[in-house]
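Novice: Taking the numbering used here, the leading residue of the sequence shown gets 29, the next gets one more, and so forth. Backbone N, C-alpha and C fix where the C-beta goes; we use that ideal spot for every residue, glycine too. I have a structure here, written as C-alpha cells, and I will follow up with some questions on it.
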Amino acid sequence: MMPFSVQGALFLVIPGRVTDFPLREYREKNRGSRTGSHDARRVRMFQGVDYYGIESDLGSEARMIRDAVRQFVDREFLPVVRDHYRAGTFPLAIVPKLGEMGLLGSNLKGYGLPGIDNVSYGLVMQELERGDSGLRSTASVQGALVMYPIFTFGSPEQKERWLPLLGAGKAIGCFGLTEPDHGSDPAGMKTRAVRDGKGYVLNGTKMWITNGTVADVAVVWAKLDGVVRGFLVEKGTPGFSAPEIHSKLSLRASITSELVLEDVRVPAESLLPGAEGLKGPLKCLTQARYGIAWGAVGSAMACFDEALSYTQERKMFGRPVASFQLTQAKLADMVTQITMGQLLALQLGRLKDAGRMRPQQVSLAKRNNVRMALEIARTARGMLGANGISDEYQVMRHMCNLESVDTYEGTYEIHTLVLGKDVTGIDAVS
C-alpha cells in the first residue's frame with residue numbers, strides 16, 4: 029500500500045486494479061447458481077461508470093481520493109457487508125478506519141480535519157454508498173449532521189473537545205431531529221428544553237436516529253422558550269437512553285435508534301450558541317442531502333455494474349442475456365440516468381465550492397438522484413430474475429436501502445414541494 033497525504037490527512041492508495049482479496053458479494057466463481065467464470069483469487073476492482081468522460085474533469089487529487097475510497101470499500105467493507113446485513117448489525121470496527129483515512133467530516137478544515145473540496149467529498153460519499161447506504165449514512169451523519177453543527181454553531185470549547193475525536197473516529201455522534209409524530213414537519217417538534225439554574229432540562233423522544241445506540245454524543249434539537257435550539261447530550265447522562273430499533277427490512281447494516289430524554293439535565297455549555305431557530309438543523313440537513321445526492325449515484329453504479337456483468341455472463345436460449353433487445357434497452361436507460369445523475373452532482377459540487385449552492389438545488393439533486401438509483405436497483409433486480417432476490421448479489425440490498433434513502437433527509441414529495449415553491453413563488457403547504 030502506498031500512502032499519500034491530502035492536506036494533512038493520510039489516505040491509502042492500493043496500486044493496480046487487481047487484488048487477491050475474495051470479494052464474495054458477487055465475484056466468487058460459480059457460487060450457488062452463479063454464472064461467472066473468472067478466478068475468485070484474481071478480482072477486478074470496481075471501475076465505475078464514465079460514459080461522458082467526467083474523469084477528465086476531475087482533478088488528480090479528487091481522483092486519488094476517490095480511488096483510495098473505492099479500493100477501501102472493495103477490500104474492507106464488501107467482504108463483510110452481507111453477514112452484517114443478515115444479522116442487522118454494523119461493523120463498528122470500520123469507523124476508526126474511516127477516521128484514519130480522513131473520511132469523517134473530510135470537507136471541514138481545521139481541528140485536524142482535511143478540508144478537501146466538495147467535489148472530492150461527494151466522490152467519497154459516492155464510493156461509500158456503492159458499498160452500502162448504511163456505510164455512507166454513518167459517515168454522512170458523523171460529518172454533516174454532528175461535526176458540521178459543532179463546527180458551524182459550536183463554541184470554541186465544543187469544537188476543541190469534539191471535532192478531533194469525531195474526525196478520528198474515536199467518538200461517534202448522532203443527530204436527533206425527527207420525532208415519532210413529526211418527520212416532514214420538524215417545526216412541530218414536541219421535545220422541550222427548560223432552563224434550570226445553570227443548565228437545562230430536556231424532555232422528549234426522537235425517532236429513526238442513525239447510530240443513536242452507539243453514539244458518544246447526540247446533537248439534540250429541542251424548543252427552548254418556543255425557539256428551536258441545539259444541545260450536545262453525552263452518552264450516560266441520567267435520563268438519556270437510546271434503544272435500538274430492530275424491526276427493519278431496510279438499512280439493516282446500519283444502527284437505527286430511538287432517543288428518549290426523561291428529565292435529562294445538561295450543563296449550560298451543552299447549548300450550541302450559534303444555532304437559533306429551525307434554520308440551524310435545516311442547514312445541517314442541506315449538508316447531508318448534498319452527500320446523499322452523490323451517494324445515490326454510487327448505489328446506482330453498483331446495481332448497473334452487477335446487472336451488466338450478470339447479463340453478459342448469463343446465457344438463455346443459447347445466447348447471453350445481454351444480447352436481447354429488451355436487456356440492452358434497460359442497460360441503455362441505466363447508463364443514461366447514471367450519467368445525468370453524475371453531471372447533476374458534479375455541477376452541484378462546483379456550485380458548493382464556489383459558495384453559490386442553494387438549498388433548493390440540493391433538493392433537486394437529492395430528489396432526482398435517489399429516485400433514479402431506486403428505479404435502477406428495481407430494474408437490476410428484475411434483470412437478475414429469481415437470483416436477484418438472493419443476497420449472493422447486492423441489487424436487492426441496495427433496492428431495500430434506497431427505499432429508506434428516498435424517505436429520509438426529506439421525502440421525494442417534500443423536495444417536490446420545495447422545488448414547486450421555488451419555481452412558482454407559491455408555498456403549497458401553508
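Got a sec, what are the start and stop residues for the beta strand (DSSP E) Asn231 sits in?
Specialist: Counting along the chain, the beta strand (DSSP E) containing Asn231 begins and ends at Gly227 to Thr238.
Novice: Suppose the cutoff is 6 Å on Cβ atoms and the five residues either side in sequence are ignored; what does the same chain contact list for Ser165 look like?
Specialist: Here the set comprises Thr238 and Ser282.
Novice: Could you name the residues of the same chain whose beta carbon sits closer than 6 Å to that of Pro23, not counting the 5 residues immediately before and after it, in chain order?
Specialist: What is shown of the chain runs 29 to 458, which leaves residue 23 out entirely.
Novice: Hey, which unbroken runs of the beta strand (DSSP E) at 3 residues or more fall wholly within the stretch 250-309?
Specialist: 255-262, 284-295 and 299-304, all fully within the stretch 250-309.
Novice: Given this structure, state the Cα-to-Cα distance separating Asp460 from Leu372, to the nearest angstrom.
Specialist: Absent from the structure is residue 460, since the part of the chain shown begins at 29 and ends at 458.
Novice: Cα-Cα, which of His443, Gly410, Glu290 and Gly227 is closest to Leu313?
Specialist: For Leu313, the nearest C-alpha among the options comes from His443.
Novice: Whole angstroms is fine: what's the gap from Phe74's alpha carbon to Asp102's?
Specialist: Approximately 8 Å between the Cα atoms of the pair.
Novice: Got a sec? Which residues, its chain only, sit under 8 Å from Val108 by beta carbon, not counting five neighbours each side?
Specialist: Around Val108: Pro119.
Novice: Rounded to whole angstroms, what's the CA-CA distance from Gly140 to Gly133? Just pull it up for me.
Specialist: So the two alpha carbons sit approximately 10 Å from each other.
Novice: Is there contact here, the stretch 143-159 with the stretch 373-383, by at least three beta-carbon pairs under 8 Å?
Specialist: They touch, by the three-pair rule.
Novice: Using the three-state DSSP reduction, which class does Lys125 fall into: helix, strand or coil?
Specialist: In the structure shown, Lys125 sits in a helix (DSSP, three-state: H, G or I).
Novice: Among all the DSSP beta bridges, which residues are the ones paired with Phe203?
Specialist: DSSP lists Val247 as partners of Phe203.
Novice: If you run the structure through DSSP and keep just helix, strand and coil, what is Met217?
Specialist: Three-state result, Met217: coil.
Novice: Considering Pro192, what are the terminal residues of the alpha helix (DSSP H) in which it resides?
Specialist: Counting along the chain, the alpha helix (DSSP H) containing Pro192 begins and ends at Pro184 to Gly195.
Novice: Specify the secondary structure class of Val222 as computed by DSSP and reduced to three states.
Specialist: If DSSP states are grouped into helix, strand and coil, Val222 belongs with the strands.
Novice: Can you give, in chain order, each stretch of the alpha helix (DSSP H) that sits fully within the stretch 110-179 and has at least 4 residues?
Specialist: Taking only runs of at least 4 residues, the alpha helix (DSSP H) segments lying wholly in the stretch 110-179 are 122-128, 146-159 and 161-168.
Novice: Of all the CB atoms in chain B, is at least one closer than 9 Å to the CB of Val363?
Specialist: Judged by its chain identifiers, the structure shown contains no chain B, having just a single protein chain.
Novice: Would Leu230 pass as a contact of Phe203 if the rule is Cβ separation under 9 Å?
Specialist: No, these two residues do not count as a Cβ contact at 9 Å.
Novice: For the stretch 350-368 and the stretch 423-431, state whether three or more C-beta atom pairs, one from each stretch, are separated by less than 8 Å.
Specialist: Counting Cβ pairs under 8 Å, fewer than three are found: no touch.
Novice: Please return the same chain residues whose Cβ sits closer than 6 Å to the Cβ of Ala321, not counting the five positions on each side in sequence.
Specialist: Answer for Ala321: Ala373, Ala393, Lys394 and Asn397, listed in chain order.
Novice: How many Å lie between Asp224 and Ile178 at the Cα?
Specialist: Those two C-alpha atoms are separated by around 23 Å.
Novice: Is Ala408 closer than 9 Å to Glu290 when the C-beta atoms are compared?
Specialist: No, they are not a contact pair.
Novice: Is there contact between the stretch 234-253 and the stretch 269-279, where contact requires at least three CB pairs shorter than 8 Å?
Specialist: Touching, yes, given that three or more Cβ pairs across the two stretches are closer than 8 Å.
Novice: So, under 8 Å CB-CB, Leu156 and Val97 are touching, yes? Tell me the CB distance rounded to an integer number of Å.
Specialist: With 8 Å as the limit, Leu156 and Val97 qualify as a contact, their Cβ atoms being about 7 Å apart.
Novice: How is the alpha helix (DSSP H) around Arg409 delimited, first residue to last?
Specialist: Per DSSP, Arg409 belongs to the alpha helix (DSSP H) from Pro387 to Met411.
Novice: Considering only the alpha carbon of each residue, which of Cys428, Gly453 and Ile454 lies closest to Ser161?
Specialist: Comparing Cα positions, the closest option is Cys428.
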